[in-house]
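Here's the structure we're looking at; comments come further down.
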Amino acid sequence: MPKITLNKKETLKLVGKNIPDKQLEESIPLLGTDLERVTKDKIEVEIFPNRPDMLSEEGFARALSSFMGIKTGLKSYKVNSSKYKYIIDSKVKSVRPYCGAAVVKGVKFTEASLTGFMNLQDKLHTTHGRNRAKVAMGAHDLTNVSFPIKYTTKPRSFKFRALGDSEENTISYILQEHPKGSAYAHILDKKEVPIWIDSKNQVLSMPPIINSEQTKLTIKSKDILLDVTGSSQESVDQALNILVTALADRSGKIYSVNNQPKLKPHKLKVNINKVNKLLGLNLKKSEISKLLAKMGMKYSPSTSSVEYPAYRTDILSEVDIVEEIAIAYGYNNFSSSIPNISTIAQEDPFEKFKNIIANICTGLGLQEVSSYHLSNLEDETTKMKLNLKPIKIKNSISSEYNVLRPTITPSLLNVLKINRHNEYPQNIFEMGNVFLKNGNNIEEPTRIGIALCHSKADYTEAKKALDSILSSLGLTGKYESTDHPSFIPGRVARVSIKNKKVAYVGELHPEVLNNFDIDTPTATIELNLTEIFSLI
C-alpha cells in the first residue's frame with residue numbers, strides 16, 4: 273500500500289476544524305486507512321490502492337471531514353465551459369492513444385501545498401498509473417501556454433528543453449541521460465514518442481516521461497493546465513478528476529477543455545434488504561442516508577439510488593456501496609458471534625491435484641502468475657484471431673473488463689506484454705477458471721495456461737513441457753495436427769487422452785503476438801485440468 277506523509281497544518285485547514293491528536297488517532301483507522309503516526313507537523317498513513325483520491329492533503333481531508341461529520345454529503349464541483357481546445361493527432365493511436373485535459377484557475381499555492389500537489393502526481397503515477405505505463409500526467413502554468421494545444425508524436429531527433437535542463441536536447445538524449453528519461457524510457461518503444469505542443473509549437477510535455485521547463489509550475493502559478501495520457505480512457509478520466517478536484521479544494525475554478533473533465537456524480541441502485549442481509553443489520557432508509565452522507569455520498573430513499581463522486585475509482589457495484597455503509601457504521605460496532613455449526617475441515621481433492629500440477633510446473637522452471645477472470649472482448653477475439661462469443665458482463669463499468677474469459681492464453685499474453693522490457697526467457701503459467709456457455713447454463717472448468725517466451729521458443733519445447741506434466745500424472749497424450757487461427761499453421765496440435773480432447777499446444781501466430789505488442793517468439797499450452805482430474 274502507498275504510504276504518504278501529509279502536512280498536518282494543511283490537512284486540518286482543509287478539514288475545517290482543529291482536531292486533537294488523540295481524536296485523529298482514533299478516527300483515521302476507522303476510515304479504512306492504516307495510520308502510522310501523528311506528530312506535531314505530520315500525519316503518516318497508508319492508503320489502500322483502491323482509494324487514489326486520498327493520496328493528497330485535499331483528498332484525505334475531504335474524506336476525513338465528511339467521515340467525522342464536519343462537512344458531510346456529496347460535494348459538488350462545477351465545471352465552467354470554455355473555448356480551450358486540444359487536437360488529437362491520429363499518430364498517437366499506436367503509441368499512447370488516450371488523453372484528457374482541463375484548466376483550473378485561481379489556485380492559491382503555498383510552498384507546502386505546491387509540494388503536496390507534486391507529491392499527489394508522483395503517488396498517482398506509481399499507483400493508479402502503474403508506474404506511468406497506464407497513466408501519466410503533467411501540470412503547466414497556463415500563462416505560458418497558447419491554445420489550441422495538440423497531442424501528437426515527434427521523432428527521437430526532435431529537441432526541446434526538459435524540466436530542470438538549462439538547454440534543449442534531443443528526445444534520444446533525454447531518454448538516455450535525464451534521470452526521469454532513463455527511469456521510464458522502457459515505456460516508449462516506438463520510433464516516435466508522444467508530445468503535447470501548443471499553437472506556437474512550444475513543447476508542454478513528453479508523456480509519460482517529463483514536462484518542459486518553459487511551462488513549469490511555481491508558487492506564483494495561479495492558473496493551471498493539466499494534461500493526462502494513458503492506455504485507457506477510463507483511467508485517464510479518473511486521474512484527471514482526482515487532480516482537478518484537489519486543485520478546486522484550493523479555491524480553484526475548473527474550466528473544461530474539449531468537454532473534460534466530467535465530474536457529474538455517478539449513480540447506483542441499492543437494495544436496502546440486500547444491505548441489511550450482507551451486514552446482518554436492520555437499518556432504515558433514513559439511517560442509510562446518514563451513513564452514506566458520512567462517506568461523501570447521497571442516498572435517495574424514493575429511488576433507492578446512491579450518487580457518489582466521479583473521482584471515486586473504487587465504486588464498481590452495489591457491494592462497494594454496502595462496504596461504504598459498513599465503514600460509516602463502524603466495524604467496531606458490529607457484534608461478534610460464534611456460528612452454531614461444527615465442521616471438520618479437510619483439503620479438497622481437486623485443490624490437492626492443483627498443488628501437484630503447480631509443483632510440477634515450478635519444477636520445469638515456470639513461474640506462476642495470477643490474473644483476473646474478467647477480460648475484454650477485443651483481447652479474447654480480435655487479438656487472438658478467434659470468433660468466440662464470450663459471456664458478456666451486463667452494464668459493464670469498464671471496457672477493459674466486459675466479458676468473462678473463455679480461455680487463459682490472452683491473460684498470459686497480457687502478462688508478457690507488461691513485462692516485455694524485462695529479461696528473457698519468460699516462462700510462465702496460470703491455473704484458473706474459464707467460463708463457457710452451455711445452453712442456459714455456464715460451465716466453469718479449471719484450466720492451466722503455459723507460455724514459453726524467448727528467442728528459441730517453439731512447438732517442440734512446449735510439447736516437451738506438456739509431456740512432462742502428463743507423464744508425472746501417469747498419462748500419455750495423443751497429438752494430432754490441427755488448424756487454429758491463433759497458431760502458426762503446421763505448428764499446432766490438438767491433444768487427446770482416452771478419446772477426450774484436453775489441450776492445445778503450439779507456436780503463436782506472429783499476428784497474435786503483434787496484437788499484444790510482443791516481439792519475442794512464444795509457444796503456449798492450454799490444458800483442461802477438470803478433464804485431466806477425471807481421468808486419473
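Once you know that position 59 of the sequence shown is 331 in our numbering, the rest is easy, because the numbers rise by one and skip nothing. Built from N, CA and C at the ideal position, the CB exists for glycine as well.
C-alpha distance - residue i paired with residue j, whole-angstrom precision
{"i": "residue 491", "j": "residue 780", "result": "54 angstroms"}
{"i": "residue 321", "j": "residue 632", "result": "34 angstroms"}
{"i": "residue 587", "j": "residue 381", "result": "31 angstroms"}
{"i": "residue 338", "j": "residue 487", "result": "35 angstroms"}
{"i": "residue 363", "j": "residue 340", "result": "49 angstroms"}
{"i": "residue 384", "j": "residue 393", "result": "15 angstroms"}
{"i": "residue 591", "j": "residue 408", "result": "30 angstroms"}
{"i": "residue 502", "j": "residue 361", "result": "15 angstroms"}
{"i": "residue 444", "j": "residue 654", "result": "34 angstroms"}
{"i": "residue 726", "j": "residue 733", "result": "11 angstroms"}
{"i": "residue 812", "j": "residue 664", "result": "There is simply no residue 812 to check, as the chain begins at 273 and stops at 808 in what is shown."}
{"i": "residue 352", "j": "residue 493", "result": "20 angstroms"}
Exposed unless 16 or more other CB atoms sit within 10 angstroms - verdict on residue i
{"i": "residue 480", "result": "buried"}
{"i": "residue 284", "result": "buried"}
{"i": "residue 644", "result": "exposed"}
{"i": "residue 699", "result": "buried"}
{"i": "residue 622", "result": "exposed"}
{"i": "residue 717", "result": "exposed"}
{"i": "residue 791", "result": "exposed"}
{"i": "residue 585", "result": "buried"}
{"i": "residue 876", "result": "Because the chain spans 273 through 808 in this model, residue 876 falls outside it and cannot be assessed."}
{"i": "residue 755", "result": "exposed"}
{"i": "residue 450", "result": "buried"}
{"i": "residue 681", "result": "buried"}
{"i": "residue 615", "result": "exposed"}
{"i": "residue 389", "result": "buried"}
{"i": "residue 330", "result": "buried"}
{"i": "residue 693", "result": "exposed"}
{"i": "residue 473", "result": "exposed"}
{"i": "residue 788", "result": "buried"}
For residue i, the residue or residues it bridges with in DSSP
{"i": "residue 800", "result": "719"}
{"i": "residue 502", "result": "370, 407"}
{"i": "residue 725", "result": "698, 794"}
{"i": "residue 703", "result": "720"}
{"i": "residue 639", "result": "700"}
{"i": "residue 309", "result": "316"}
{"i": "residue 538", "result": "580"}
{"i": "residue 766", "result": "752, 776"}
{"i": "residue 413", "result": "496"}
{"i": "residue 571", "result": "578"}
{"i": "residue 441", "result": "432"}
{"i": "residue 469", "result": "422, 475"}
{"i": "residue 275", "result": "318"}
{"i": "residue 352", "result": "527"}
{"i": "residue 675", "result": "647, 664"}
Beta-carbon proximity of residue i to residue j, cut-off 9 angstroms
{"i": "residue 542", "j": "residue 594", "result": "yes"}
{"i": "residue 749", "j": "residue 764", "result": "no"}
{"i": "residue 510", "j": "residue 583", "result": "yes"}
{"i": "residue 599", "j": "residue 302", "result": "yes"}
{"i": "residue 325", "j": "residue 514", "result": "yes"}
{"i": "residue 421", "j": "residue 461", "result": "no"}
{"i": "residue 459", "j": "residue 405", "result": "yes"}
{"i": "residue 570", "j": "residue 578", "result": "yes"}
{"i": "residue 684", "j": "residue 721", "result": "yes"}
{"i": "residue 652", "j": "residue 504", "result": "no"}
{"i": "residue 795", "j": "residue 731", "result": "yes"}
{"i": "residue 272", "j": "residue 617", "result": "Lying before the first or after the last residue shown, residue 272 is absent from the chain, which here runs from 273 to 808."}
{"i": "residue 466", "j": "residue 399", "result": "no"}
{"i": "residue 642", "j": "residue 702", "result": "yes"}
{"i": "residue 667", "j": "residue 646", "result": "no"}
{"i": "residue 386", "j": "residue 327", "result": "no"}
{"i": "residue 314", "j": "residue 286", "result": "no"}
{"i": "residue 367", "j": "residue 464", "result": "yes"}
Contacts around residue i, its chain only, beta-carbon distance under 7 angstroms, and the 5 residues preceding and following it disregarded
{"i": "residue 774", "result": "767, 768, 799, 800, 803, 804"}
{"i": "residue 484", "result": "432, 433, 434, 435, 475, 476, 477"}
{"i": "residue 414", "result": "375, 495, 496, 497"}
{"i": "residue 547", "result": "555, 560, 594, 597"}
Close Cβ partners of residue i (< 6 angstroms) along its chain, the five nearest in sequence each way excluded
{"i": "residue 482", "result": "434, 435, 452"}
{"i": "residue 738", "result": "777, 797"}
{"i": "residue 539", "result": "577, 579"}
{"i": "residue 296", "result": "310"}
Spatial neighbours of residue i in its chain, beta-carbon cut-off 8 angstroms, leaving aside the 5 residues before and after
{"i": "residue 532", "result": "372, 373, 374, 509, 512"}
{"i": "residue 304", "result": "320, 323, 599"}
{"i": "residue 308", "result": "275, 316, 317, 318"}
{"i": "residue 291", "result": "284, 299, 340"}
Chain B contact for residue i (CB, 9 angstroms cutoff)
{"i": "residue 648", "result": "Among the protein chains of the structure shown there is no chain B, as only one such chain exists."}
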